[in-house]
Amino acid sequence: MLDLLSRRRSVKPAMLAAPGPSAAELDRILTIAARVPDHKKLAPWRFIVFEGDARATFGELIAAACAAEEKEPPSPARLDMERNRFLRAPLVVAVISRAKPSPGAPEWEQVLSAGASAFNLCLAANAMGYATCWVTEWLAYSPRIAAALGLTANEKVAGFIYVGTSNEKQDDRERPALTDIVTRWVG
Ligand SMILES: Cc1cc2nc3c(=O)[nH]c(=O)nc-3n(C[C@H](O)[C@H](O)[C@H](O)COP(=O)(O)O)c2cc1C
Numbered sequence: 002m003l004d005l006l007s008r009r010r011s012v013k014p015a016m017l018a019a020p021g022p023s024a025a026e027l028d029r030i031l032t033i034a035a036r037v038p039d040h041k042k043l044a045p046w047r048f049i050v051f052e053g054d055a056r057a058t059f060g061e062l063i064a065a066a067c068a069a070e071e072k073e074p075p076s077p078a079r080l081d082m083e084r085n086r087f088l089r090a091p092l093v094v095a096v097i098s099r100a101k102p103s104p105g106a107p108e109w110e111q112v113l114s115a116g117a118s119a120f121n122l123c124l125a126a127n128a129m130g131y132a133t134c135w136v137t138e139w140l141a142y143s144p145r146i147a148a149a150l151g152l153t154a155n156e157k158v159a160g161f162i163y164v165g166t167s168n169e170k171q172d173d174r175e176r177p178a179l180t181d182i183v184t185r186w187v188g
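The numbering of the sequence shown is the numbering used here, which starts it at 2 and goes up by one.
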């Protein structure tokens, strides 16, 4: 586990090919994603799975949202790109934050739990040998995409997790020095 965490690296969606997880692996990944710190046991997250043809079908809605929301009419190439957005990987999971008023667990804590869930999903898939990428892109903030996903007023997209197989090694990324992010409280 330490080795996995020390080496963990996201892989760009465009570099995520088939195969993706099997049905049994996906169940396991989602079960692990639901096993995160969750103050007051509210399950303030849910998952929407896109695989197979659903990725292209949803792509039509992505292109329509793009056409409706862009200030300038998008080019045919852009619309094609949007249509194919979810086809970049064999599996895309939308992690939805659904914070509800709760006396014991403020909204902030519930949102943090959704982040933990998204990351556990990535780690579970990584531990099975799949590469992942957690992105929001413009979709996460689009009212039309929110409607297409059936989100209610208290729900937000925490991220779209792209999952697939990558044979390419992504260059490492600079990480913050501990001296910049750690202090010791001395009173
Ligand atoms: C909530 C959230 C949203 C993100 N959205 C994007 C995004 O839209 N596009 C992107 O390139 N990276 C996005 N990232 C960053 C990638 O997930 C990834 O962390 C980054 O590329 C660095 O790679 P690493 O995970 O190997 O450190 C997002 C990360 C988080 C936590």
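Just so you know, even glycine gets a beta-carbon here, dropped at the ideal spot from N, CA and C.
Remember, predicted model here, so these are calculated numbers, not experimental data.
query: Cβ-heavy atom distance between Ala-15 and ligand 1 below 8 Å?
result: Using a cutoff of 8 Å, the CB of Ala-15 does not count as near ligand 1, since none of the ligand's heavy atoms is closer than that.
task: Please report how far the alpha carbon of Glu-169 lies from the alpha carbon of Trp-186, in whole angstroms.
output: Roughly 43 Å separates the two Cα atoms.
field: Leu-43 vs Leu-122 beta-carbon contact at 9 Å
entry: Contact flag unset, no.
- request: May I ask which residues mark the beginning and end of the alpha helix (DSSP H) holding Glu-61?
  value: For Glu-61, the enclosing alpha helix (DSSP H) has its first and last residue at 55 to 70.
message: Taking 8 Å as the cut-off, does the segment 44 to 56 touch the segment 93 to 104 (at least 3 CB pairs, one atom from each stretch)?
response: Yes, the segment 93 to 104 touches the segment 44 to 56.
task: Using a threshold of 9 Å, state whether the C-beta atoms of Thr-166 and Gly-130 are closer than that.
output: Their beta carbons are under 9 Å apart, which means Thr-166 touches Gly-130 by this criterion.
- prompt: Out of curiosity, what's the CA-to-CA distance linking Gly-151 and Thr-180?
  reply: Taking the straight line joining both Cα atoms gives about 44 Å.
- prompt: Alpha carbon to alpha carbon, how far is Ser-76 from Glu-61?
  reply: Taking the CA atoms as reference points, Ser-76 sits about 15 Å from Glu-61.
field: Inside the segment 70 to 149 only - alpha helix (DSSP H) runs reaching at least 4 residues
entry: Uninterrupted alpha helix (DSSP H) stretches at least 4 residues long and entirely within the segment 70 to 149 occur at 77 to 84 and 108 to 128, given in chain order.
query: Are the beta-carbon atoms belonging to Arg-8 and Glu-70 less than 9 Å from one another?
result: No, they are not a contact pair.
- prompt: So, is Leu-5 buried or exposed, given that buried needs 16 or more other C-beta atoms within 10 angstroms?
  reply: So Leu-5 counts as exposed.
- prompt: Tell me the DSSP bridge mates of Glu-52?
  reply: DSSP links Glu-52 through a beta bridge to Leu-92.
- request: Specify, as a first and last residue, the run of the alpha helix (DSSP H) that Ala-24 falls within.
  value: Note, Ala-24: alpha helix (DSSP H), 24 to 34.
task: Take Ile-63 and list the residues in its own chain whose beta-carbon comes closer than 6 Å to its own, dropping the five residues that flank it on each side.
output: These residues qualify, in order along the chain: Glu-83 and Arg-86.
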